[in-house]
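*Asks:*
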Amino acid sequence: MAKKNRLKDLSFGQRIYITEILKGLRLTLKNMFLPKFTMQYPEVKFDPPASYRGRPVLAMEENGQERCVACGLCSRVCPALAIEVQAAETENEKERYPVKFEINMLRCIFCGFCEEVCPEEAILMSKDYELAFTNRADAIYGKDKLLTPVSKLQDRINFVRQFK
Amino acid sequence: MGILELIIVSLIKIIVIAVVMLLTVSYLVYFERKIAAWAQNRIGPNRVGPAGIFQPFADVLKLLLKEDIVPTAANKYMHTLAPMIALFVAFSTFAVLPIGPSFTAFGKVFSFVVADVNIGILYVLALTSVGVYAITFSGWSSGSKYSLLGGIRSSAQMISYEISMGFSVAGVILLAESLRPIAIVNAQSGWMWNIVLQPIGFITFLVSAFAETNRLPFDLPEAEPELVGGYHTEYSSMKFAAFFLSEYANMIISSALIVTLYLGGWQIPYLEMLKLPAGWVVTLQVVAFILKLIFIMFFFIWVRWSIPRFRYDQLMNIGWKVMFPLSLLNLLWVAILAMIL
Amino acid sequence: MPKLIIDGKEIEFNPGQTVIQAAKENGIDIPHFCWHPSLSISGNCRVCLVEIEKMPKLVISCSTPATEGMVVQTQSEKVVAARNAVMEFFLINHPLDCPICDEAGECKLQDYAYQHSVGESRFTEEKNHKEKRVELGPNVMFDGERCISCSRCIRFCDEIAGKKELTFIKRGDRVTITTFPGKKLENPYSINVTDICPVGALTNRDFRFKSRVWEMAPTKTICSGCARGCNIDVWTRNNEILRLTPRFNNDVNSYWMCDNGRLNTFKHINANDRVNGPHIRKEGELIKVGWDEAYAKTLSELKSFAKDEIAVLTSASLTVEDAYLVSKFVRSINVKNFDFVKNIVPGSGDAILIQEDKTTNAKGVELMGVDSSKGGLKFDEIISHIESGRIKAVVLIEQDLIGLNSAFEKALAKLDFLVALATNFDTTTSLANVVFPASTYAEKNGTWINFQGRIQRIRPAVTTIEMERSLDGMSLSRWDKFGTDFDSWGKSQKNDARPTWKIISGLANAFGTKYKFTMAEEIFNEIAHTNPLFSGLDYDVIGERGVQLKTETMQIPPLAGQKKVKI
Chain A
0 MAKKNRLKDL SFGQRIYITE ILKGLRLTLK NMFLPKFTMQ YPEVKFDPPA SYRGRPVLAM
60 EENGQERCVA CGLCSRVCPA LAIEVQAAET ENEKERYPVK FEINMLRCIF CGFCEEVCPE
120 EAILMSKDYE LAFTNRADAI YGKDKLLTPV SKLQDRINFV RQFK
Chain B
0 MGILELIIVS LIKIIVIAVV MLLTVSYLVY FERKIAAWAQ NRIGPNRVGP AGIFQPFADV
60 LKLLLKEDIV PTAANKYMHT LAPMIALFVA FSTFAVLPIG PSFTAFGKVF SFVVADVNIG
120 ILYVLALTSV GVYAITFSGW SSGSKYSLLG GIRSSAQMIS YEISMGFSVA GVILLAESLR
180 PIAIVNAQSG WMWNIVLQPI GFITFLVSAF AETNRLPFDL PEAEPELVGG YHTEYSSMKF
240 AAFFLSEYAN MIISSALIVT LYLGGWQIPY LEMLKLPAGW VVTLQVVAFI LKLIFIMFFF
300 IWVRWSIPRF RYDQLMNIGW KVMFPLSLLN LLWVAILAMI L
Chain C
0 MPKLIIDGKE IEFNPGQTVI QAAKENGIDI PHFCWHPSLS ISGNCRVCLV EIEKMPKLVI
60 SCSTPATEGM VVQTQSEKVV AARNAVMEFF LINHPLDCPI CDEAGECKLQ DYAYQHSVGE
120 SRFTEEKNHK EKRVELGPNV MFDGERCISC SRCIRFCDEI AGKKELTFIK RGDRVTITTF
180 PGKKLENPYS INVTDICPVG ALTNRDFRFK SRVWEMAPTK TICSGCARGC NIDVWTRNNE
240 ILRLTPRFNN DVNSYWMCDN GRLNTFKHIN ANDRVNGPHI RKEGELIKVG WDEAYAKTLS
300 ELKSFAKDEI AVLTSASLTV EDAYLVSKFV RSINVKNFDF VKNIVPGSGD AILIQEDKTT
360 NAKGVELMGV DSSKGGLKFD EIISHIESGR IKAVVLIEQD LIGLNSAFEK ALAKLDFLVA
420 LATNFDTTTS LANVVFPAST YAEKNGTWIN FQGRIQRIRP AVTTIEMERS LDGMSLSRWD
480 KFGTDFDSWG KSQKNDARPT WKIISGLANA FGTKYKFTMA EEIFNEIAHT NPLFSGLDYD
540 VIGERGVQLK TETMQIPPLA GQKKVKI
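Chains A, B and C, in that order, are what the protein sequence lines are.
Taking numbering that gives the first Met the number 0, I'd label the letters of the first sequence as residues 0 to 163.
Taking numbering that gives the first Met the number 0, I'd label the letters of the second sequence as residues 0 to 340.
Taking numbering that gives the first Met the number 0, I'd label the letters of the third sequence as residues 0 to 566.
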């Protein structure tokens, strides 16, 4: 039976290794003189595209009310158990609203499943990536920090709708 | 030269070498980070001082202010001893390496070497072997499995590569007919550099030097992904800094050794044809040594950011099945060469 | 037995059974909304259509009697198409508000929409609008738009609760459910309609919007409301009980439980007035102390009284294990004034489930020897002796005596020393000198013997500080399983309480008697070895449905108003 050629069957030039080393060295040397991509971060800020998944936020309508109906699907789908929702009854047409909506940003992994599963387009991934806390309690974002006017999220809403 | 004079001159040399070594090590770390960044299309440290040139001082300050942690399971005596050995070995090796030729000033003969020992090369080889103890001790005394594995790997690796290193050096000694570093440099005058005469020996020595300094592609003892830092996992603060320092000092020494043994030391071919005054010649030769040294050090860093780490079995394979026979072959070749010349 | 063939599988059935019953008994699930094993057949939902050979049209399996040699298809092309069509009709007017609806997660319509529907609506017109948020009664809320008019709730009120309170009104797509004029849905079993409602049209007002069903962990246990011992599930989230639901047990409670048991037997467990840690009265105030201090204080005080000056009174709701150890301990210290407190409310029972005896384990406590048979005083005599000052110290176990009858306050106030094992601070503990925190029925393992003489297991659903959900084998929600102490739900309140048997065993230790029990199961095993009535029993044998004890003295009244249903 003829010997089958495999990817790992190397030629003599490759086996001797020295030429391969030189090739590698040439590549890194070339890269040293190519233009740099570094962004001078605190002075220059990254403006993410609509597809960027920053911290999740809750959409707030013009009248100051949240879209969220506290169905708890985001909480259920969250692989990291970051979201905790407590529902309560309101007089609005949609009888249910979140009396408590907390995202533990220490648990959040920015997967965007919550946004994908939301039936009300209420939770969206924002462009906010500047997250820093000095203690565990600060990392739990309540409704006060999560509610964001819809006008600021239009970019993301348009992006998400492409895939509906 | 009186004994007092010898002591004073030697002390001055030691202080100068130590200060220069420390500064060089700091900036070597800085350039390591810069070159790494360039190779990856980044800028590198640029916050502390213009273009980040004070970064090394910030690093040292940070390490100084860190808490010194000794694990409960550690053997405290050995744990403290290990970084000291590492540092001692790194600094004392440089004593026998000549930077430039001897010159005459104020009616006296000075040399660019702390101690012109007639068995200098043996001394270097002996001290680098002692360096193994630092790593083995630190690995064993930390009482951590990562450290222990790193320490064991390291001793195995260093012992294996010391053999091919020794045989490569033997080739050089055979041609120079001396163990004195200055004599070896003098034997390479003109284009009689050992890199030209015994290229195989140069390659085996270079590879062994990489292995002896635990640099990529032979940094198995440290292997961050699998050993969390290897033998110095359990070190912090200045003890960690001592290891760090000795590692880079070893790199300088290896580079200097390569320059001395294979690149003709301070020699510049055809310099004597220019008929320059003696002072100029000495200056140019020292500059030449430093430039050669910088190139080799750059090469060390360059290789690190280009080549991935070997697997342990590959490391042993290369050491025993490739480097060792090659260095023997080189010895044979040099012997023939010595008969012809 | 006659046989029929369903989906190519030969199945035996009892004469008189319908096709759906025969199928269900043999593990073949035919979708159904209006059919309920315990209710009469209505046949209005049409989801259970099946194809039967030699019948010209599809028939509903819930009202078709099974006959010998019948060949039934439940998955044929025709049946699937018909089922799709029926589902599409249901979904035309059913609102798409699952995110808001409390039933989501345990909704039959939702499940069947996934399993038996195409998932696309061809209906572009405006959906029908009906009344929402109608308060049918004090405990039940009705949403007309979600209703699929299966009539289960109407049949439940007529047939099980025996009160004709609900009915359909209007016709066609305007049909809706309402109470009869001037009536409300207020029979003592009203909340059961929310359990049998296949959609979210009827909801429990006590539980509305409290939690999604998948966030809670159910624990199979027994209701503590009366001597019936209805099998229930206790639903917990973040170590807090949010609702109780009946669990099927044909020998005890079928599919039902009463509203009182459902609403009023769990709220004290997560209340703020729980006794948290042992307390000793110092200068008129109850001060929290360590366990050892409380034991030592009890010992030194009780030692200062003569044996006939001491009485031990227990509740009749102790577990069998608690009662056994209390009894063993009281005998060992030679106290003879020993009895349990009955709590029988005449006229409060009915022929359905509710019993007049409001305690859960009167039979068990009696069987464990909690009585004055060793020559002591009975309960009434103990009270009169307290009043006359001849009994000066009382150990009161899990019994709020004053809450039972405020007339006892005068007697208890005369005592020199009162030890109370209590779950919550109440009027009785306000007179006690030492209060030990007892675990509630939802925080311990144990067994109760109901009025029929049936022994049933209770299981912990809420943790005390000594317990850990996963290590103690308790039911776990996703949050319990993966949470840490740093999560907000990991910080829910846990009380420093112990089951009565453990407190008694600590007290016995102070008295110099060592009991080597580390869990309730070991006590039960000892009972099973020593008491012939319990021989051969252990926790596994009792299982989820309980075991009928073979006592000749116990009569077993049949479950009134129930059809015998075999499942």
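Cβ atoms here follow ideal geometry from the backbone N, Cα and C, with glycine treated the same way.
#1: Mark A/D127 as exposed unless 16 or more other C-beta atoms lie within 10 angstroms of its C-beta, in which case mark it buried.
#2: I'd like to know if A/A86 contacts chain C, where contact means its C-beta is closer than 9 Å to some C-beta of that chain.
#3: At which residues does the alpha helix (DSSP H) containing B/F217 begin and terminate?
#4: So C/W478 contacts chain A; which residues on that side make the cut at Cβ distance below 7 Å?
#5: Between A/F32 and chain B, is any beta-carbon pair separated by less than 9 Å?
#6: Can you tell me whether C/A421 is buried or exposed, with buried defined as 16 or more other CB within 10 angstroms of its CB?
#7: Given a limit of 8 Å on CB to CB distance, which residues of the segment 280 to 311 of chain B reach chain F?
#8: Does any residue of chain A have a CB that is nearer than 9 Å to the CB of B/I42?
#9: Which one or two residues does DSSP pair with C/T178 in a beta bridge?
#10: I'd like the span of the alpha helix (DSSP H) that includes C/A419, first residue to last.
#11: For C/T17 and C/A65, which I take to be in contact (beta-carbon distance under 8 Å), what is that distance rounded to the nearest angstrom?
#12: Would you check if there are 3 or more beta carbon pairs closer than 8 Å linking the segment 109 to 129 of chain C to the segment 47 to 64 of chain C?
#13: Are there 16 or more other CB atoms within 10 angstroms of the CB of C/N238, so buried, or fewer, so exposed?
#14: Consult DSSP for A/R25 and reduce its assignment to one of helix, strand or coil.
#15: So if I threshold CB-CB distances at 7 Å, which residues from the segment 59 to 71 of chain A count as touching chain C?
#16: Which residues in chain A sit within 7 Å of B/V190, going by Cβ to Cβ distance?
#17: What residues from chain A crowd round B/A38, counting only those whose CB sits closer than 7 Å?
#18: Suppose you measure from the CA of C/K262 to the CA of C/E67; what does that come to, to the nearest Å?
#19: What does the alpha-carbon distance come out to for the pair C/S331 and C/I286?
#20: What does the Cβ neighbour count give for C/M86, buried or exposed, with the cut at 16 atoms within 10 Å?
#21: Assign B/W190 to one of two classes, buried (16 or more other C-beta atoms within 10 Å of its C-beta) or exposed (fewer than that).
#22: I'd like to know if the segment 414 to 430 of chain C and the segment 448 to 468 of chain C are in contact, where contact means that at least 3 CB-CB pairs between them fall below 8 Å.
#23: Please report the distance separating the alpha-carbon of C/P98 from that of C/T446.
#24: Can you tell me which of B/S128, B/L260, B/S153, B/Y247 puts its alpha carbon nearest to the alpha carbon of B/L21?
#25: Please state if the CB of C/K341 and the CB of C/F572 are separated by a distance shorter than 9 Å.
#26: Roughly how many angstroms separate the alpha carbons of C/L558 and C/I159, rounded to a whole number?
#27: Under a Cβ-count criterion, where at least 16 other Cβ atoms within 10 Å of its own Cβ denotes burial, should C/H528 be classed as buried or exposed?
#28: Entirely within the segment 82 to 132 of chain A and at least 3 residues each: give me those beta strand (DSSP E) ranges in chain order.
#29: Examine chain A for any beta-carbon lying closer than 9 Å to the beta-carbon of C/S116, and answer yes or no.
#30: Could you tell me whether the segment 41 to 57 of chain B touches the segment 310 to 325 of chain B, using the rule of 3 or more Cβ pairs below 8 Å?
#31: Count the C-beta pairs between the segment 132 to 145 of chain A and the segment 1 to 19 of chain B that are closer than 8 Å, then say yes if the count reaches three, no if not.
#32: Give the interface partners of C/R211 over in chain A, defined as CB-CB distance under 7 Å, in chain order.
#33: How far does the alpha helix (DSSP H) with C/D142 in it extend, from its first residue to its last?
#34: Considering only the beta carbon of each residue, do C/L135 and C/L201 sit closer than 9 Å?
#35: Please list, in chain order, the chain A residues whose beta carbon lies closer than 7 Å to that of C/E144.
#36: For B/I202, decide whether its Cβ has a neighbour in chain A, counting only Cβ atoms nearer than 9 Å.
*Replies:* Judging by the given coordinates:
#1: exposed
#2: yes
#3: Careful: B/F217 lies outside any alpha helix (DSSP H) and carries neither H nor E.
#4: L80
#5: yes
#6: buried
#7: Here the protein chains are A, B and C, and chain F is not one of them.
#8: yes
#9: C/L165
#10: Here C/A419 belongs to no alpha helix (DSSP H); instead the beta strand (DSSP E) covers 416 to 421.
#11: 6 Å
#12: no
#13: buried
#14: helix
#15: V68, C70, G71
#16: The question names Val, but residue 190 of chain B is Trp in the sequence shown. Under the 7 Å cutoff, chain A gives no residues; its nearest Cβ is about 23 Å from B/W190.
#17: Simply T27, N30, M31.
#18: One point to set straight first is that residue 262 of chain C is Leu, not Lys, in the sequence displayed. For C/L262 and C/E67, the distance between alpha carbons rounds to 47 Å.
#19: 30 Å
#20: buried
#21: exposed
#22: no
#23: Rounded to whole angstroms, C/P98 to C/T446 spans 40 Å at the Cα level.
#24: B/Y247
#25: Beyond the ends of chain C as shown, which are 0 and 566, falls residue 572 of chain C; an answer cannot be given.
#26: For C/L558, the predicted structure reports a pLDDT of 43, less than 50, and the residue's modelled location is therefore unreliable. The matter cannot be settled from this model.
#27: exposed
#28: Contiguous beta strand (DSSP E) elements confined to the segment 82 to 132 of chain A occur at 82 to 88, 95 to 103, 122 to 124, taking only those with 3 or more residues.
#29: no
#30: no
#31: no
#32: G71
#33: Premise fails: C/D142 is in no alpha helix (DSSP H) and is neither H nor E.
#34: yes
#35: From the beta-carbon of C/E144, no residue of chain A is found nearer than 7 Å; the closest lies around 12 Å away.
#36: yes
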